[in-house]
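Just below is one structure, and these are the notes that go with it.
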């Protein structure tokens, strides 16, 4: 079966690409960055183009029988704010048009962040409803994209939606793998501590579990349905505690007050606006970090047979991988 994959050079997409190939899929990958496209496996049909180019998208999809749509702009700051909406919303609209007009089964990868903070509750799929307040343009654009997908499903597009939790694991250290990026920065000393007391609860899912969930949703999911692909709900500090213990750290972890983090983020935001250089983080990241994002994967577990590993197991697997990739200096002893 030949499928079109968007976002195949990203953190989640690259992991999914490998699994698709192992499952026997013929993969056609839409890639914008030629340097990244050249690094993909030779048995992938790489097509260079932009998700925003609808004409090109329809042209390259004449022979595909399915679509995995992962392409998204996942950054807390960019030079051009409209990029969020052109890529995350308009690009998704183009995929939905393709799916609807040609009746191509499509799996759309959304995000936990679409729901908004969960407060003291644990959200399920039914809680992903309408909202008006957002922390940043990434969150807002992903919400608009999901609302758009819901409309296309009503219009007959054969689409399945998945909501991954906070993904971490083996892969490039980038904004979409921010948990591992922060862990590495903390263990090598460039990130001295954690914001607040690390009491905010997030849903952490290992990238391999998420990929398996995507494949299960494709195989067993119902058209028009959505599935949360999460893992363990845990306090943020648990990630660092597991990593510090496994890496041999014994000194106490520094707690950085939120107001200091917010102030530093605000300074970095304005510096980025002036210089055009990406910041380490911005003030709105702190606002997101402070909230709870807790979810239940019960529906995926019961209907798809989805399973996930504990946070401790996942972090240790990731640290072992980092050691193999040359990050041995983050370990003591």
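In the working numbering, the protein residues as written are 157 to 489.
The beta-carbon is built from N, C-alpha and C at its ideal position, and this holds for glycine as well.
The alpha helix (DSSP H) spanning residue 474 covers which residue range?
Start and end: 467-480.
Grab me the residues of residue 255's own chain with a C-beta within less than 8 Å of its C-beta, minus the 5 sequence neighbours each way, in chain order.
If we look at residue 255 and ignore the five residues flanking it on each side, its Cβ neighbours are 223, 261, 262, 308, 313, 314 and 315.
Give me the Cα-Cα distance between residue 248 and residue 406, rounded to the nearest whole angstrom.
Approximately 47 Å, taken between the alpha carbons.
Nearest to residue 415 by alpha carbon, out of 350, 364, 273 and 391?
Ranking the options by Cα distance to residue 415, first place goes to 350.
Can you tell me the Cα-Cα spacing of residue 450 and residue 456, whole angstroms?
Near 15 Å, if we compare the C-alpha coordinates of residue 456 and residue 450.
Touch check for the stretch 259-279 and the stretch 287-298: three-plus C-beta pairs under 8 Å?
Yes, they touch.
Which value, in whole angstroms, describes the spacing of the CA atoms of residue 193 and residue 281?
Straight-line Cα distance between these residues: approximately 34 Å.
Using only CA atoms, which one of 258, 288, 347 and 186 lies nearest to residue 410?
Minimum Cα distance to residue 410 is reached at 347.
Just the C-alpha distance for residue 462 and residue 429, rounded to the nearest angstrom, thanks.
Spanning the two alpha carbons is a distance of roughly 42 Å.
Using the Cβ count rule (16 or more neighbours within 10 Å means buried), how would you classify residue 435?
The residue is buried, with at least 16 neighbouring Cβ atoms inside 10 Å.
With 8 Å set as the bound, which would you pick, yes or no: does the beta-carbon of residue 435 sit closer than that to a beta-carbon of chain C?
Considering every chain present, this structure includes no chain C. It has just one protein chain.
For residue 292, which of helix, strand or coil comes out of DSSP?
Coil.
Quick one: give me the first and last residue of the beta strand (DSSP E) that residue 320 is part of.
First-last of the beta strand (DSSP E) with residue 320: 315-320.
Between the Cα of residue 464 and the Cα atoms of 421, 372 and 200, which residue gives the shortest distance?
Among 421, 372 and 200, the Cα nearest to that of residue 464 belongs to 372.
Classify residue 170: buried if its beta carbon has 16 or more other beta carbons within 10 angstroms, exposed otherwise.
Classification of residue 170: buried, given that the 10 Å Cβ count is 16 or more.
If you scan the stretch 318-342 from start to end, which runs of the beta strand (DSSP E) of 3 or more residues do you find wholly inside it?
Counting only runs of 3 or more, we get 322-324.
On the DSSP bridge assignment, give the partners of residue 261 in chain order.
Paired residues: 222.
Cα-Cα, which of 401, 482, 460 and 437 is closest to residue 472?
Residue 401 is the option with its Cα nearest to residue 472.
Answer with buried or exposed for residue 285, where buried requires no fewer than 16 other C-beta atoms within 10 angstroms of its C-beta.
Exposed is the call here.
Is the distance from the Cβ of residue 354 to the Cβ of residue 391 below 8 Å?
Cβ atoms of residue 354 and residue 391: closer than 8 Å.
Please report how far the alpha carbon of residue 378 lies from the alpha carbon of residue 345, in whole angstroms.
Cα to Cα, residue 378 sits roughly 46 Å from residue 345.
Kindly indicate which three-state DSSP category residue 276 falls into: helix, strand or coil?
In the structure shown, residue 276 sits in coil (DSSP, three-state: anything other than H, G, I, E or B).
For the beta strand (DSSP E) that contains residue 388, what are its first and last residues?
First-last of the beta strand (DSSP E) with residue 388: 388-391.
Strictly by DSSP, which residues pair up with residue 185?
In the DSSP output, where bridge partners are listed per residue, residue 185 has 161 and 202.
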